[in-house]
Amino acid sequence: MTVFCGSDGGDDGGEDIPEEEAVCRICFVELGEGGDTLKMECSCKGELALAHQECAIKWFSIKGNKTCDVCKQDVRNLPVTLLRIQSSRGVNLRGGRALHAEVTQYRVWQDVPILVIVSMLGYFCFLEQLLVGKMGSGAIAISLPFSCILGLLASITATTMVRRKHVWIYACIQFGLVVLSAHLLYSLLHMQGVLSVLLATFTGFGVTMCGNSILVEISKWRRQRRSQENQQQASVETSQMDQLPATPPQIQTNNPNLDENHRHGDSEAIHGN
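Written out as structure tokens, the structure is:
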């Protein structure tokens with residue numbers, strides 16, 4: 001069996017190379033010992049265009065393109081398997097990114113309904129216990145709508161003001177300030193139920209937002225201060241390195257005995273001559 005390899009770019013001027021003498025350009029094993037032989041349709045001639053089909057598929061699949069390493073031209077007759085591997089890699093990569101974004105978005109929206117429900121239940125229980133002593137059964141008529149509104153507003157402010165990992169801490173602090181303000185206004189100052197709830201809501205929400213803004217500004221100021229200190233320290237180190245001498249200073253000896261020995265040695269040398 002022979003394998004036809006064109007030597008001058010066409011089928012007319014080629015030569016027939018026996019299969020047992022041809023060598024795969026990728027694994028350097030004789031073509032007769034491997035599987036099917038692939039003559040790559042690029043600018044390569046002779047044995048450079050011959051390779052095992054399996055070796056070619058593996059090599060170009062690892063590379064991820066159809067460009068020949070020798071002639072830098074695209075191989076036009078690559079098997080369909082390589083194209084399927086490339087397309088499957090692209091699909092898997094895009095699918096992985098989309099799945100990660102979808103999971104992240106699902107987690108975010110999964111926390112919001114839970115926060116809304118917990119906030120509504122918490123505000124309802126608090127308002128009902130606060131107003132039931134003086135209003136009796138009428139406390140439910142006030143607690144139910146106010147708890148729904150307060151739970152929704154608390155969830156919105158918590159998710160927009162802070163990061164996801166701090167949402168529950170923000171919501172708890174906000175709830176505690178509203179409860180404290182409502183107790184002070186309704187139980188100690190003896191205001192009306194609706195008015196005390198409204199004022200407690202504004203107080204708790206406003207104090208929490210202001211405190212969060214102050215903490216954010218403090219953290220920004222600390223980061224800027226640290227960066228300035230690092231820059232100053234780097235500039236000081238750079239200036240110290242620039243001030244160092246380029247060559248080490250010469251050691252000068254002021255020992256008179258050493259100078260006298262040198263003079264005696266010179267005089268003896270002169271007398272000897």
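First residue of the sequence shown? That's 1 in full-length UniProt numbering, and the numbers climb one at a time after it. Beta carbons: idealized from backbone N, C-alpha and C, even for Gly.
Which residues does DSSP list as the beta-bridge partners of residue i?
i: residue 45; result: DSSP output for residue 45 lists no bridge partner at all.
i: residue 37; result: 52
i: residue 23; result: 30
i: residue 67; result: 74
For residue i versus residue j, is the C-beta spacing smaller than 8 Å?
i: residue 182; j: residue 130; result: yes
i: residue 197; j: residue 177; result: no
i: residue 40; j: residue 22; result: no
i: residue 155; j: residue 119; result: yes
i: residue 158; j: residue 115; result: yes
How many angstroms separate the CA atom of residue i from the CA atom of residue j?
i: residue 74; j: residue 30; result: 24 Å
i: residue 166; j: residue 229; result: 29 Å
i: residue 209; j: residue 224; result: 23 Å
i: residue 45; j: residue 238; result: 59 Å
i: residue 37; j: residue 76; result: 15 Å
i: residue 142; j: residue 214; result: 34 Å
i: residue 161; j: residue 216; result: 10 Å
i: residue 137; j: residue 227; result: 60 Å
i: residue 242; j: residue 232; result: 15 Å
i: residue 59; j: residue 169; result: 54 Å
i: residue 211; j: residue 65; result: 56 Å
i: residue 133; j: residue 113; result: 31 Å
i: residue 151; j: residue 220; result: 30 Å
Compare the Cα-Cα distances from residue i to each of the options and report the closest residue.
i: residue 175; options: 61, 225, 205; result: 205
i: residue 79; options: 72, 70, 120, 61; result: 61
i: residue 67; options: 197, 43, 50, 47; result: 43
i: residue 195; options: 127, 116, 48, 64; result: 127
i: residue 201; options: 69, 189, 185, 229; result: 185
i: residue 146; options: 137, 123, 158; result: 123
i: residue 203; options: 180, 25, 237; result: 180
i: residue 275; options: 216, 164, 238, 191; result: As shown, the chain starts at 1 and ends at 273. That puts residue 275 outside it, with no answer to give.
i: residue 25; options: 125, 56, 41; result: 56
i: residue 54; options: 221, 65, 63, 27; result: 27
i: residue 149; options: 117, 135, 139, 173; result: 117
i: residue 139; options: 193, 153, 189, 173; result: 193
Mind checking whether the beta-carbon of residue i lies closer than 7 Å to any heavy atom of the ligand NAP?
i: residue 121; result: You won't find the ligand NAP in this model; it holds no ligand whatsoever.
Ordered list of alpha helix (DSSP H) runs contained in the region 130-167, each at least 4 residues:
138-161
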